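Residues in the sequence shown are numbered from 4 upward in steps of one, following the numbering used here.
Cβ atoms here follow ideal geometry from the backbone N, Cα and C, with glycine treated the same way.
Predicted, not measured: the structure shown is a model, and the values here were computed from it.
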Amino acid sequence: MLSAESTPEPRPEYTAPEPPAGDKTHHFKSSAHFVAWVRGAAPYIHAFRGKTFVVGLGGEVVAGELAQSLTYDFNLLAALGIRLVLVHGARPQIDAEVARRGLEARFHNGLRVTDPATLECVKMAMAVTRFEVEALLSQGLPNTPMAGGYMRITGGNFIVARPVGVVDGVDYQYTGTVRKVVAEEINADLDQQNVVLITPLGMSLTGEIFNLCVEEVAEAVAIAVKAEKLIYLCDAPGLLDDEGRLIDSVTADEAEHHLQAGEGLTEDLHLYLPCAIRAVRRGVARCHLLDRDKDGALLLEFFTPAGVGTVVSRDPLFRVREAQVDDVGALVALISPLEADGTLVRRGRELLEREIDRFSVVEYDSMLVGCAALYPFTEDNAAELACLAVSTEYRRSGLGEQLLERIERRARRQGLERLFVLTTRTAHWFRERGFSEIGPEALPRLKRELFNYQRRSKVFVKSL
Ligand SMILES: CC(C)(COP(=O)(O)OP(=O)(O)OC[C@H]1O[C@@H](n2cnc3c(N)ncnc32)[C@H](O)[C@@H]1OP(=O)(O)O)[C@@H](O)C(=O)NCCC(=O)NCCS
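Now the structure itself:
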């Protein structure tokens with residue numbers, strides 16, 4: 004129980020794991036495994052640097068056993084250049100304070116009625132909880148992951164509120180709703196590398212204080228600051244299907260069906276899912292529902308291909324689009340291992356920059372995971388499909404096929420009648436998709452003149 008008078012529970016002390024003598028990589032099967040793991044995280048680090056993540060965490064999380072390790076993960080995200088806004092709740096802390104003062108907690112339609120006496124409890128519990136979070140975020144003992152990782156925490160009058168008013172004849176009094184988020188000020192704080200911590204209390208233009216819901220504030224802030232991600236830490240691993248299996252991604256429309264069906268939704272999901280749906284429909288790229296009881300959930304969700312929770316997005320997660328100059332770095336990272344092992348012909352960064360308009364790419368959750376290029380030979384009414392590649396972790400999901408379809412569509416739109424491809428290792432993949440083998444002499448003249456016989460590529464063609 005948390006109140007101003009209560010003595011806070013001592014936090015479990017962090018003990019840095021002791022490596023066995025002479026083995027500094029004992030957590031990993033080998034040093035190669037460690038190196039591969041760190042390198043594997045690099046594309047995510049590039050993708051998320053400078054992006055804004057808004058995290059909604061209920062009071063249960065702050066009081067929970069994982070508060071300490073979660074703080075380490077926030078610290079790491081901030082250190083990796085992610086702009087972090089944390090919105091903390093205090094529901095159990097308010098309940099405890101209401102009970103301690105011998106008051107009766109009143110709810111209508113699941114929303115607390117905040118009378119003047121309850122408002123005092125709300126202010127007390129919110130303030131104490133906020134200080135607890137600030138204290139957690141200020142740790143820096145030498146043998147912890149936060150050593151030397153000072154985070155400047157800021158907050159302020161960023162939320163303008165108005166009263167909910169009278170509903171079904173019930174006056175909610177000091178229970179409020181978000182009227183406006185002062186996004187410019189939050190962004191100005193984030194620009195200075197501060198972590199913004201928001202307490203769900205809103206001030207009204209009349210100078211009164213209103214009690215707000217953590218999930219609504221997190222949603223409103225994410226929309227206002229145009230966040231890349233809104234994250235809710237909840238009492239479930241994410242959305243589950245009828246058989247209790249985790250659903251890893253849903254569109255807003257699919258999430259709405261789950262909400263209407265209502266089955267298997269926990270208390271938190273009932274509250275958070277509508278916010279997630281609204282947020283992605285109003286411009287937040289993704290909303291992630293993660294298990295508040297899973298240690299390292301944030302790291303597993305954002306730095307591994309499979310993730311651990313449910314992602315809500317407005318549109319399906321994979322998106323095929325035309326490439327832009329900004330994609331060159333990610334393209335180099337995607338294709339250079341395939342150039343190194345001889346699967347793809349080597350292209351330098353400069354060539355990619357010059358020819359970027361020829362590329363279509365497939366993006367997953369803001370990361371570039373596949374590409375293909377179209378080289379037209381208009382005098383022969385033909386085009387070459389080149390540099391088709393899908394990142395290893397995302398293969399066998401039909402992305403190669405989607406890229407092929409995109410390239411075929413682009414070629415048809417240019418009035419071209421044949422699509423050919425040169426391949427050393429992927430002959431069957433093309434055959435299974437309607438290509439047939441031809442000799443190099445049947446290539447368009449310009450291509451034939453450049454054909455490298457030593458590479459011994461097979462030539463395949465498909466009529467469009
Ligand atoms: C070829 C490639 C683009 C396919 O991407 P993808 O997203 O996995 O493709 P899809 O999901 O649409 O198709 C997967 C199917 O292709 C098969 N496949 C993958 N590589 C293959 C190959 N080299 N030869 C034959 N079939 C292959 C898979 O086994 C799978 O079929 P299955 O599920 O029935 O077993 C991908 O494997 C890749 O990037 N390879 C390395 C680069 C390359 O070879 N590019 C072609 C250069 S011309």
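Practice task
Less than 8 Å between the CB atoms is what I'm expecting for Glu342 and Arg349, so what's the real figure, rounded?
Solution key: About 5 Å separates the CB atoms of Glu342 and Arg349; that is less than 8 Å, so the two are in contact.
Handout entry: the segment 132-144 / the segment 55-70 touching (three or more Cβ pairs under 8 Å)
Key = These segments touch.
Practice task
Counting only runs of 3+ residues fully inside the segment 201-270, write out the beta strand (DSSP E) ranges in chain order.
Solution key: Within the segment 201-270, the complete beta strand (DSSP E) runs of at least 3 residues fall at 204-206, 212-214, 232-237, 252-254.
Problem - Assumed close pair Phe362, Leu449 - CB separation to whole angstroms, cut-off 8 Å - result: So it is not a contact: roughly 20 Å between Cβ atoms.
Handout entry: C-beta contact flag for Glu100 and Cys124 at 8 Å
Key = In contact: Glu100 and Cys124 (Cβ atoms closer than 8 Å).
Practice task
Could you tell me the distance, in whole angstroms, from the CA atom of Val464 to the CA atom of Arg289?
Solution key: Distance between the alpha carbons of Val464 and Arg289: 39 Å.
Exercise for the section: Indicate the three-state DSSP secondary structure (helix, strand or coil) for Ile189 in the structure shown. Expected result: Correct three-state label for Ile189: helix.
Practice task
For Val169, I'd like the list of residues in its chain whose CB is within less than 8 Å of its CB, leaving aside the five on either flank, ordered along the chain.
Solution key: Only Tyr175 meet the Cβ criterion.
Handout entry: Endpoints, beta strand (DSSP E) assigned at Phe423
Key = Where Phe423 is concerned, the enclosing beta strand (DSSP E) stretches over 421-426.
Practice task
Return the CA-CA distance between Leu251 and Gly310, expressed in angstroms with no decimal places.
Solution key: The question names Leu, but residue 251 in the sequence shown is Asp. Annotation: Asp251 to Gly310 spans about 8 Å, alpha carbon to alpha carbon.
Exercise for the section: Would you mind working out which of Val57, Gly332, Arg458, Phe37 sits nearest Glu231, comparing C-alpha positions? Expected result: Nearest Cα to Glu231 within the set Val57, Gly332, Arg458, Phe37: Val57.
Practice task
For Trp40, verify whether its CB is less than 7 Å away from any heavy atom of ligand 1.
Solution key: Between ligand 1 and the CB of Trp40, the shortest heavy atom gap is not smaller than 7 Å.
Practice task
List the residues that DSSP assigns as beta-bridge partners of Pro166.
Solution key: Paired residues: Gly179.
Handout entry: Collapsed DSSP secondary structure at Val331 in the structure displayed
Key = When DSSP states are grouped into helix, strand and coil, Val331 belongs to the helix group.
Exercise for the section: Quickly, what does DSSP pair Phe321 with across the bridge? List them, please. Expected result: Per DSSP, Tyr367.
Practice task
Have a look at the DSSP bridge pairing and note the partners of His91.
Solution key: According to DSSP, His91 shares a beta bridge with Leu60.
Exercise for the section: Answer with buried or exposed for Leu419, where buried requires no fewer than 16 other C-beta atoms within 10 angstroms of its C-beta. Expected result: It is buried - the Cβ of Leu419 has at least 16 other Cβ atoms within 10 Å.
Exercise for the section: Name the two residues that bound the continuous alpha helix (DSSP H) containing Ala128. Expected result: Per DSSP, Ala128 belongs to the alpha helix (DSSP H) from 119-140.
Handout entry: Close-in-space but distant-in-sequence residues of the same chain around Leu243 (CB under 8 Å, 5 per side omitted)
Key = Counting only residues of its own chain and dropping the five nearest sequence neighbours on each side, Leu243 has a CB closer than 8 Å to the CB of Leu249, Ile250, Gly267.
Handout entry: Where Arg115 sits in the DSSP three-state scheme
Key = In this structure, Arg115 counts as strand in the three-state DSSP scheme.
Problem - Continuous alpha helix (DSSP H) stretch holding Phe306: start and end - result: Residues 300-306.
Exercise for the section: Take the Cβ of Pro240 as the centre, count every other Cβ of all protein chains shown within 10 Å, and call the residue buried at 16 or more, exposed below. Expected result: By the 16-neighbour rule on beta-carbons within 10 angstroms, Pro240 is buried.
Exercise for the section: With DSSP as the reference, please indicate the residues paired to Ser466 in a beta bridge. Expected result: Per DSSP, Arg421.
Practice task
May I ask you to check if the CB of Arg458 is nearer than 7 Å to at least one heavy atom of ligand 1?
Solution key: Result no, Cβ not under 7 Å from ligand 1.
Handout entry: Where Leu293 falls: helix, strand or coil (DSSP)
Key = If DSSP states are grouped into helix, strand and coil, Leu293 belongs with the strands.
Practice task
Determine the DSSP secondary structure at Phe438, reduced to helix, strand or coil.
Solution key: Coil, per DSSP.
Problem - Sub-8 Å separation of Asn190 and Leu122 beta-carbons - result: Leu122 is positioned such that its CB atom lies no closer than 8 Å to that of Asn190.
Practice task
Kindly indicate which three-state DSSP category Arg415 falls into: helix, strand or coil?
Solution key: DSSP places Arg415 in helix when its eight states are reduced to three.
Exercise for the section: Would you list the one or two residues that DSSP bridges to Ser316? Expected result: Answer is Thr254, Arg289, bridged to Ser316.
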